[in-house]
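Below is one structure, written out as structure tokens, with a few remarks after it.
Residue numbers (my numbering): 10 to 1245.
Written as structure tokens, this is what we have:
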């Protein structure tokens, strides 16, 4: 058994310690897997907070597997309950975190159920002990006056201390696995101490801290011992073996496998080994190579385990049904491993999976080891070799935003001074790292500073420049060999330093997809300058681009600016985009999928076609196979109840076929992993996939990814591989993720998918309705990362009512005096609104300080309560504070930290609980005074989303604690938008005030800020949209009048005017968005709001037609600005704005519909609403009651006749007459007022 790198997590003694295994090996799971698991668990359990009872266990007992939240790690963790104890008024449990080897205490009410989906990966922390190394002690015999070392039952403190010191001194740790017993690994431990390798087992023995235990013979007396112990040594191989890879999986998912003693393979699957190996694709150095790396057992064992389990899976009978259910968990685990360890390579690369063999210089390896970075991860193992050789590299990975993909090998290459001797002897960098923003550039620069200490002096520089020319002129590039900057800053620098590129050899594009998305023009300008200044006489010239997603501009980067690049893609979905896989979406009814599939399989090409049809159920697979057989299409099928032989299916798939031959295999997802198919030409997603399953299915066509970059003659329109998704009315679970991928892949997307996704996005926003309003939306008027932002992006009138802002300020025009006390960033502050006539807070603050001057009044709080108000002394001043959060772990201690908010200043801090003082009730009467102020119409330059710290520091120094005059243009919740905000100064000797400075102008003067004229407009648009929706909701009285109006009332023009008048007054609850209508701007805004309230609601012209399953309603409205369509079982409410008109159609339907499957889309000058009928058949009319604005669409009358499900006879004529009568009545009454 080979040695594996380990990292020690926790030490109890040499017989009990926990490690995590690194690198690649039979029992190693990539750290990316655990990162993804943590992200998924956090997302799930955080979202389930509202329905917490659903994820709480009914009972709690020792040894139970569960999920708990760790305050120290700030995440949800898998755990095992070690003990339960009763404390005061609650039960408390001691839990062991199985991935981190930590013990924490948790209240039973905070324990969550561990879902099976989160228990597929083995525990990260492996419990180990030194193999055959047992404790000893010094035994003193006073009778015989002798002392000798004898075996002991427990380790003494000296041995434990020595063992701990020994492990702390090691720079690298390796373990050789010898046996597994009761979920504990017996290991030989090896450590590198001062460049010498030491066997920890031997060292403890040599120092007389331990002794070696002799191996027990396999006799009858030791049967119990052998039953529980599994030796992995060749000398003593037992009859039964356990796969050690499963040893630290949850007990529920472990199992034993009978093994052939000669081959080490399961007996029933030896004959399949050659078959499995022949299905693998040979790698070729001359062509694009597709490499699939899977962590787990060595190749022979891994293959055998899979194929043996497949035989049980495929040839199951009722007696084996329970085995299959347990196997499902194992399959999911293997799928996840395969998915995360895919790699696409344009050229063959030998990966360096261990730090010892990595192409880095020795001092850097030592520094990485000292910093606990024990080795390259999966992507780094393929990226480091070509980057260290000076080759052009493009790397796309799940963690492609990690600078360690390029920093270590770039630093290694920069040590080769001989490569740069031919360069001109001028000032200029050798390496340039372009980052998408100042924050990422700061991170990269700090990493360079950390690791350049172990190499020759490179003098790295971080250059972030504003728009001031003087700043660029003042930059001195002397002895600097590495520059970290952004595209915009670099171009400003280049204007005044024309020789910047003359020595440049290495150009790195960090987060390349973001660079091309936000600054494509600037990046290509830089690349042109780099290419222009590159001379062939200089040897080293390299471009490295790393990112998380493929971007269409990367193709141009590779073709025009790179020379024979190495392309490394470890994300299957991104590799399929690079490989030019054609993504096709076919929308159809669920009942029409078979006919659509047959059209897809209408083979017209003469090329060999291998098609995989993936289904979600066995019934679907059987149905498809039967349909293909009936249509004379040769097909194979594979699922757990299939009668086909696995060997036969592989032979049929892999046998050499002539051009024009077609092979179709219908299978379920759970059989996918066993086949190892990678040469399919087409994948049909008959069952709609989840994003994870979607990626696994795409892996089946990976051999046919086009290496478009290598072969520039390949027609972009021609693709060897296709992926076809069948979209039906039932495909609702994962459409949002699939749509985003299809948009990224630039696939043609049907309108149905767009419409449904819009609904899902709206539903997502509704779930965030109780969250705070997005900070970016407030500060800049737009949120760039709306899909992943956790906060809401719409107005919640229940939360966003004005707070801490005096009513008279909202109602009275004019300026207010504000005092900024806490500066968040350049435009966002917390402070108070100061009343110059009578400032209540100033009086209160004086009283509080006077009160606490008496020592007898300083009463410490014994029981701290969340959200309660207390007093706090800070230097010589006393403040009112509110407890925001108390850590459950801290609460157990006598003194603990609490998070507090200064309610009159707005800042957040942490203090010890004993510092909090009892605050009398009379000091709590005045409401909190802190208000959030945002300076309008200014934002950071260069599409940044955060202010540069330079600007924030400058503004903080200028405005903090000083009175300013500000004009409030908007208020929302506790936030006031101000423009302008000025500092006034009184001229000495004159009764005159002058503007000392304008805060917005000061920000612009730094050169790091720019105008943001759309700021207020975006906020107004957001508010108007919410107002339109609320306006529509409040119009129920109008809809009732329309529904109850009979034909005689409908024909009366006077009724219409009454309805309009009721519409005008329906929105009685007016909530002011522009709460401070002062001067011209505010008065204009107030007039706009007033106009919005007073305008009439119009009922739009509506036409409708139907088929057997749906009703199509066309709402005629020109230039729809904002719209909303709400569906219920027997009602549809449509509202929209067009120009200065508000349209509302509240329709009570004649019959029931399926609200979840009904859609609304906007096309040209009309809205098209498609209603899915609950029961198939024709409707005699659309609405329950007549409406003069609704009529039948005669243009679709012929379609209605052809597709009508009614039998020919009286009933059909009656329904036709009813529809016609309704249309005629409506047309006759068209003289009443409409929107004309």
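Backbone N, C-alpha and C define an ideal beta-carbon position, used for all residues, glycine too. Note that this is a predicted model, so its numbers are computed, not measured.
- Closest in alpha carbon position to residue 695, among 670, 622, 751, is 622.
- Where residue 531 is concerned, the enclosing alpha helix (DSSP H) starts and stops at 521-542.
- Nearest C-alpha to residue 951 among 31, 446, 1012: 446.
- If you look at residue 411, you'll find it isn't in any beta strand (DSSP E); DSSP assigns it neither H nor E.
- In the displayed model, residue 764 falls within a helix according to three-state DSSP.
- Listed in chain order, the beta strand (DSSP E) elements of length 3 or more contained wholly in the region 994-1026 are 1002-1007, 1018-1020.
- Between residue 1174 and residue 1125 a beta carbon distance of about 7 Å is seen, short of the 8 Å cut, so the two are scored as contacting.
- In terms of Cα proximity to residue 1163, the closest of 941, 1119, 1032, 978 is 1119.
- For residue 182, the enclosing beta strand (DSSP E) covers residues 181-190.
- DSSP places residue 85 in the strand class (E or B) of the three-state scheme.
- Here residue 605 is not near residue 732, since their CB atoms are 8 Å or more apart.
- Note: residue 952 is not bridge-paired with any residue in the DSSP secondary-structure output.
- Here residue 738 really is in contact with residue 599; their C-beta atoms are around 6 Å apart, less than 8 Å.
- The region 697-711 and the region 675-687 touch, with three or more beta-carbon pairs separated by less than 8 Å.
- Per the coordinates, the alpha-carbon of residue 832 lies some 8 Å from the alpha-carbon of residue 961.
- In the three-state reduction of the DSSP assignment, residue 982 falls in the coil class.
- The three-state reading of DSSP puts residue 177 in helix, counting H, G and I together.
- Taking all protein chains in view, the Cβ of residue 827 is crowded by 16 or more other Cβ atoms within 10 Å, so the residue is classified as buried.
- DSSP assignment within the region 355-434 yields the following whole beta strand (DSSP E) runs of 3 residues or more, N-terminal first: 402-405.
- Your pair residue 1006 and residue 995 does not check out as a contact, with CB atoms roughly 15 Å apart and the cut at 8 Å.
- Where residue 581 is concerned, the enclosing alpha helix (DSSP H) starts and stops at 581-587.
- Unbroken beta strand (DSSP E) stretches of 3 residues or longer found wholly inside the region 644-678: 644-647, 671-677, given in chain order.
- Between the region 106-123 and the region 162-171, the count of Cβ pairs shorter than 8 Å is below three; the stretches do not touch.
- Taking residue 19 as reference, the option from 13, 164, 29 with the minimal CA-CA separation is 29.
- For the region 606-639, the full-length alpha helix (DSSP H) segments reaching 4 residues or more read 627-639 along the chain.
- Residue 1192 sits close to residue 1156, with the two beta carbons spaced by under 8 Å.
- Remark: C-beta atoms of residue 435 and residue 508 approach each other more closely than 8 Å.
- Less than 8 Å divides the Cβ of residue 857 from the Cβ of residue 880.
- In terms of Cα proximity to residue 141, the closest of 194, 986, 27 is 194.
- Closest in C-alpha terms to residue 690, from the list 1017, 890, 1122, 619, comes 619.
- In this structure, residue 395 sits near residue 358, with a CB-CB distance shorter than 8 Å.
- Our two residues, residue 519 and residue 987, have alpha carbons roughly 37 Å apart in a direct line.
- Residue 494 sits buried, since 16 or more C-beta atoms from the chains shown fall within 10 Å of its C-beta.
- By the 16-neighbour rule on beta-carbons within 10 angstroms, residue 92 is exposed.
- Contact check between the region 761-781 and the region 794-805: three or more CB pairs, one atom from each, fall below 8 Å, which counts as touching.
- Secondary structure of residue 808 (DSSP, three-state): coil.
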